[in-house]
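Going by full-length UniProt numbering, the final residue of the sequence shown carries number 161, and the count climbs one at a time with no gaps. A short write-up of the structure that comes next.
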Amino acid sequence: MVMIWVVAAIVLVLLLWLRSRIIHVNVVGWSMWPTYDDGDRLVARRVRASRIRTGDVVVLDSPRPKPEHMTANMRTPTPIVAREVVREPPPSKGPYWVIKRIAAMPGEPVPAVMSGIVDDGVVPPGFVVMLGDNLEDSIDSRQHGLLPLGKVLAKVVRRRT
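This is how it looks when you write it as structure tokens:
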């Protein structure tokens with residue numbers, strides 16, 4: 001009988017640990033198309049910044065305020081992209097995260113689509129460049145500049161079915 005309680009306690013601790021490491025996110029908008037579609041559900045794993053690599057799709061703490069805290073002026077995207085059809089996520093009480101691909105890590109060259117953002121053309125320590133896969137419909141580092149590496153919360157590992 002004691003053994004059952006011990007096993008149950010171990011399983012409970014393991015489940016709690018897994019829950020703290022795994023994030024479930026929903027894709028809102030088309031900035032990551034064709035990799036992910038609007039409405040896709042993803043599973044992401046919290047990882048240390050040292051485990052993130054160029055090319056990884058990650059969940060980031062948004063570089064801008066939640067839509068319900070934005071003024072009308074802030075909702076107007078910077079007209080850097082040719083066509084802007086990014087849909088604002090619905091107001092939520094939860095965190096405001098974005099899903100993007102890491103285009104450059106510290107010490108790597110800044111991608112050509114962002115040339116001129118730093119003097120020497122290299123991402124400085126502690127920062128990353130994030131871009132959507134669908135550059136035409138993405139608000140990313142082209143508008144927000146370099147993002148602190150600390151804004152990366154998790155690495156997308158798969159679609160949730």
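Here a beta-carbon is modelled for each residue, glycine too, at the ideal position from N, C-alpha and C. No experiment lies behind these values; they were computed from the predicted model shown.
Rounded straight-line distance, which links the Cα of E108 to that of N26: N26 and E108: Cα-Cα distance of roughly 30 Å.
Proximity winner among F127, Y36, G29, R51, relative to A104 (alpha-carbon distances): For A104, the closest C-alpha among the options F127, Y36, G29, R51 is that of F127.
Burial state of T76, where buried means 16 or more other Cβ atoms lie within 10 Å: Reliability fails at T76, whose pLDDT of 42 lies under 50, so the model's placement of it is uncertain and no value is given.
With 16 other Cβ atoms within 10 Å as the buried cut-off, status of V156: Buried, by the Cβ-count rule.
Local Cβ density within 10 Å of L15, reported as buried at 16 or more and exposed below that: L15 is exposed by the Cβ-count criterion.
G29 burial status per 10 Å Cβ neighbour count (16 or more: buried): The Cβ neighbour count for G29, taken over all protein chains shown within 10 Å, is at least 16; the residue is labelled buried.
Exposure of R19, with buried meaning 16 or more beta-carbon neighbours within 10 Å: Per the 10 Å Cβ criterion, exposed.
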